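S.K.: Supplied in structure tokens, the structure appears directly below.
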Amino acid sequence: MDVKGHGRHYSKKGTEMRTTTLTVAIVLVLLASAGQLHGQNTSDTIKSYLDFRRSNFQHDRRVVEAGETGAELLGRDERCGKKEFAGTLRGKIPKDYKIGDWGCYHSSLRVISAVSSTSCIVMPTNRTHGGPFLVRGLDMSKMVDNVEFTLQHPFIILGTYRYSSASGASRTILAFDCGSKFNEFIAEKTKRDRQLADEKEKADAEERARLDEARWHTWTIAKSGERIDGKFSKVVSGVVYVTTRSGEKTTLQLDELSEGDHVWIKDRCWKKPSGNSSTTK
């Protein structure tokens, strides 16, 4: 199937898997020939192993073909391979999905029924993953029943879809919204995240300003009554380090300050902006 580059990562993966299979099989044959598989019938062991690997290869090939088919029929959204678009679906399988979840599903799906030119009902090929589900928001005019494919588009689950099964029973399933609906969700999410980040940055700046202002104090020399307006920095070995309004850095002897200054230092000196030196008394 010529998909002109689509699904290329699937083909590469398949090649690597086949190379690994051949290498391991050769090693096993060599070990068996050397008599290192004690207590086992060599030919039966090799046959069982190769049957197992053949089964795996057939599965791997189906995965590759599903990727190529999905890319050819629906295209491929590069965002689906990016970590930031794993969303809330990271580590989940479809049977655990719920409304509001978003992200990507990387395993293969099988078309059960086309609903319209932009939607179809699908079932994970791995039945333990649950299903069925509705996929909508993409051009599905080429999709046919029973085709296996990988959905290489991120989606958001905004709601459900109700339909009648082959038996006539009514069933409600989750709907995976791709395309414009997902893009609208991401645009709104990006805007909301930016607003939250701006609000946090503003709150942090206000808190830093508050803490910086809290370090300003009018100091009093106990004996002379002299008063000095300065911003507290730290206390080291009985010396108080302060900065005046003019920006001049100066020091005061702790034992020369008023009792009120001692109380202020005890109550306020820990309130400092992040990044300042630890205060030592």
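Just so it is clear: in the sequence shown, position 127 is 113 by the numbering used here, and no numbers are missing.
We put the beta carbon where it would ideally sit given N, CA and C, even for glycine.
In this text the structure is predicted, and so the values were computed from the model without any measurement.
Could you spell out where the alpha helix (DSSP H) holding K68 opens and where it closes?
M.R.: Element bounds for K68: n/a, residue is neither H nor E.
S.K.: Identify every run of the alpha helix (DSSP H) within the region 232 to 258, keeping only runs that are complete inside it and at least 4 residues long; order them along the chain.
M.R.: Taking only runs of at least 4 residues, the alpha helix (DSSP H) segments lying wholly in the region 232 to 258 are 245 to 254.
S.K.: Where does I79 fall in DSSP's three states?
M.R.: I79 falls in the coil class under three-state DSSP.
S.K.: For L182, count neighbouring Cβ atoms within 10 angstroms of its own Cβ and tell me buried if that reaches 16, exposed if not.
M.R.: Result: exposed.
S.K.: Would you kindly check if the distance between the Cβ of L60 and the Cβ of L124 is under 8 Å?
M.R.: Yes. Within cutoff.
S.K.: Determine the DSSP secondary structure at R122, reduced to helix, strand or coil.
M.R.: R122 falls in the strand class under three-state DSSP.
S.K.: Can you list, in chain order, the residues of its chain whose CB lies under 8 Å from that of A72, leaving out five sequence neighbours each side?
M.R.: So the list reads G89 and C90, once near-sequence residues are dropped.
S.K.: Which residue comes first and which comes last in the alpha helix (DSSP H) that contains T176?
M.R.: Element bounds for T176: G165 to A200.
S.K.: So T111 and S94 are in contact, right, with Cβ under 8 Å, and what is the actual spacing, rounded?
M.R.: Their Cβ separation, rounded to whole angstroms, is 5 Å, which keeps T111 and S94 in contact under 8 Å.
S.K.: Is the CB-CB distance between V280 and L238 below 8 Å?
M.R.: The displayed coordinates of the chain run from -13 to 267. Any statement about residue 280 would go beyond what the structure contains.
S.K.: Per DSSP, what kind of secondary structure is H139 in: helix, strand or coil?
M.R.: Here H139 sits in coil by DSSP.
S.K.: Taking only the alpha-carbon atoms, compute the straight-line gap between A217 and D253 and give it to the nearest angstrom.
M.R.: Reading off the sequence, residue 217 comes out as Lys, not Ala. Looking at the two C-alpha atoms, the distance is approximately 15 Å.
S.K.: On the three-state DSSP scale, how would you describe A100?
M.R.: Strand, per DSSP.
S.K.: Spatial neighbours of T136 within its chain, please: CB distance less than 6 Å, with the 5 preceding and 5 following residues excluded, ordered by chain position.
M.R.: Result list for T136: A52, G53, G56 and S94, in chain order.
S.K.: Alpha carbon to alpha carbon, what distance is there between P80 and K220?
M.R.: So the alpha carbons of these two residues sit roughly 57 Å apart.
S.K.: From the DSSP output, which residues share a beta bridge with K217?
M.R.: According to DSSP, which records beta bridges pairwise, K217 is partnered with W202 and T229.
S.K.: Could you pull out every residue in the same chain whose Cβ sits closer than 7 Å to the Cβ of G86, ignoring the five residues on either side in sequence?
M.R.: Result list for G86: I143, in chain order.
S.K.: Cα-Cα, which of V97, E193, D247 and W250 is closest to F119?
M.R.: Nearest C-alpha to F119: V97.
S.K.: Pull the bridge partners of A268 from the DSSP assignment, please.
M.R.: Since the first residue of the chain shown is -13 and the last is 267, residue 268 is not available in this structure.
S.K.: Grouping DSSP H, G and I as helix and E and B as strand, with all else coil, what is V130?
M.R.: Coil, per DSSP.
S.K.: For R196, count neighbouring C-beta atoms within 10 Å of its own C-beta (all shown protein chains included) and say buried if the count is 16 or more, exposed if not.
M.R.: Exposed.
S.K.: Beta carbon of L240, beta carbon of I207: below 8 Å?
M.R.: Not in contact: L240 and I207 (Cβ atoms no closer than 8 Å).
S.K.: With respect to the beta strand (DSSP E) encompassing S210, which residues constitute its N-terminal and C-terminal limits?
M.R.: Taken as a continuous stretch (DSSP letters only), S210 belongs to no beta strand (DSSP E), as it is neither H nor E.
S.K.: Do you know offhand how far L160's Cα is from E199's?
M.R.: So the two alpha carbons sit approximately 54 Å from each other.
S.K.: Report the CB separation of R122 from D63 in whole angstroms; it is logged as a contact under 8 Å.
M.R.: About 15 Å; that fails the 8 Å criterion.
S.K.: Going by beta-carbon coordinates alone, are D215 and T230 separated by less than 8 Å?
M.R.: Against a cut-off of 8 Å, the Cβ pair of T230 and D215 comes out as a contact.
S.K.: Where does F61 fall in DSSP's three states?
M.R.: Residue identity check: residue 61 is Gly in the sequence provided, not Phe. G61: coil per DSSP, three-state reduction.
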